[in-house]
Amino acid sequence: MKNYPFDVRQMELGVILETHNVQAGYGESQILRGVDITVPRGKVTTVMGRNGVGKTTLLRTVMGLVRTKDPIIFKREEIQNRSTCRRARRGVGYVPQGREIIPRLTVYENILIGTEARNDSVRTFDEDEIYGLFPVLRDFRNRLGGNLSGGQQQQLAIARALVGKPDLLILDEPTEGIQPSITIEIADVLNRLVAQGLTILLVEQKLDFARRLSDFYYIMDRGKMIKHDSKNNIDFDELKTYLSV
220 MKNYPFDVRQ MELGVILETH NVQAGYGESQ ILRGVDITVP RGKVTTVMGR
270 NGVGKTTLLR TVMGLVRTKD PIIFKREEIQ NRSTCRRARR GVGYVPQGRE
320 IIPRLTVYEN ILIGTEARND SVRTFDEDEI YGLFPVLRDF RNRLGGNLSG
370 GQQQQLAIAR ALVGKPDLLI LDEPTEGIQP SITIEIADVL NRLVAQGLTI
420 LLVEQKLDFA RRLSDFYYIM DRGKMIKHDS KNNIDFDELK TYLSV
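Listed below in structure tokens is the structure:
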């Protein structure tokens with residue numbers, strides 16, 4: 220039986236996602252070198268580390284954009300052999316680094332694309348719910364996605380993922396290139412969603428943002444997880460040393 224970190228069983232959180240000794244990379248280049256991670260339900264688990272240590276590759280591997288033969292267990296089922304589409308419809312939402320907004324579609328059309336990830340035939344979304352989370356998107360409903368600011372595009376990317384009704388939301392550096400006031404707004408929205416039962420797996424470089432959200436931390440270096448701890452026990456001074464260049 221897996222030795223879970225953080226005493227998740229004692230806290231009765233349950234586990235929504237696990238990886239077991241995952242190895243993956245691009246062609247002949249191996250990036251992940253035996254990654255184990257446990258993501259408790261209804262909490263925010265954050266992976267931190269310097270650039271180039273494998274954080275984005277880990278998220279892409281969980282989504283099936285990078286292949287592995289090693290176990291990735293989501294909601295008690297192995298998904299490593301499933302397509303990205305099937306993982307999304309199983310309940311994994313993904314906001315990639317760079318956001319990948321479609322610039323020639325409107326805000327509304329970009330959000331509507333996210334409904335393709337739903338595991339039912341519904342291809343509409345509750346506009347009051349989504350625009351209640353991100354009011355600026357209501358104002359710009361008919362504006363082209365490419366004409367939004369970076370912060371507005373990030374809100375749009377999160378909204379697009381949310382209309383797929385995910386159980387797990389994966390975010391890859393959501394604060395990149397965004398002004399501080401918008402990052403605070405995004406953190407507040409994410410905290411509201413977690414309070415409603417959403418689980419988040421976050422990759423982040425900015426410690427201030429991570430501390431607004433995170434319940435559990437993993438530190439990654441050279442393709443491996445080298446430390447993990449809860450927010451109450453993590454040594455933030457030590458963590459900072461793994462974020463410096």
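Its first residue numbered 220, the sequence shown is counted upward by one per residue in my numbering.
Every residue gets a Cβ at the ideal spot worked out from N, C-alpha and C, and that includes glycine.
Since this is a predicted model, take the numbers as computed values, not measurements.
**Message:** What residue range does the alpha helix (DSSP H) around L417 cover?
**Reply:** Element bounds for L417: n/a, residue is neither H nor E.
**Item:** Alpha carbon of Y437 to alpha carbon of N270, nearest angstrom
**Value:** 15 Å
**Request:** Could you tell me whether the stretch 276-294 touches the stretch 424-436, using the rule of 3 or more Cβ pairs below 8 Å?
**Result:** no
**Message:** Ignoring anything shorter than 3 residues, give me the beta strand (DSSP E) runs that lie fully in the stretch 337-414, in order along the chain.
**Reply:** 387-391
**Asked** Assuming F353 contacts Q374 under a Cβ cut-off of 8 Å, what Cβ separation, rounded to an integer in Å, is found between them?
**Response** 4 Å
**Request:** May I have the straight-line CA-CA distance separating Y313 from I419, to the nearest angstrom?
**Result:** 10 Å
**Prompt:** Of the choices R430, L363 and I445, whose alpha-carbon is the least far from that of N451?
**Reply:** R430
**Message:** Per the DSSP calculation, I292 is bridged to which residue(s)?
**Reply:** E237 and E297
**Prompt:** Taking the alpha-carbon positions, what's the I292 to L388 distance?
**Reply:** 15 Å
**Prompt:** How big is the Cα-Cα spacing for L232 and V341?
**Reply:** 30 Å
**Asked** Helix, strand or coil: which one does DSSP assign to T303?
**Response** helix
**Item:** For L251, three-class secondary structure by DSSP
**Value:** strand
**Alpha-carbon to alpha-carbon, N361 and D345** = 16 Å
**Message:** My assumption, with CB atoms under 8 Å, is that T460 sits in contact with F428. Please give the rounded CB distance.
**Reply:** Actually they do not touch by this definition, with Cβ atoms about 18 Å apart.
**Prompt:** Does the pairing of the stretch 377-395 with the stretch 317-333 give three or more beta-carbon distances under 8 Å?
**Reply:** yes
**Asked** Which of helix, strand or coil does DSSP assign to G244?
**Response** strand
**Item:** Presumed contact (8 Å Cβ cut-off) between V258 and T265, rounded CB distance
**Value:** Incorrect: roughly 10 Å between the Cβ atoms, too far for contact.
**Request:** Could you spell out the range, first to last residue, of the alpha helix (DSSP H) harbouring Y327?
**Result:** V326 to I332
**Request:** Tell whether a beta-carbon distance below 9 Å holds between E392 and T275.
**Result:** yes
**Request:** Would you list the one or two residues that DSSP bridges to I438?
**Result:** M267 and K446
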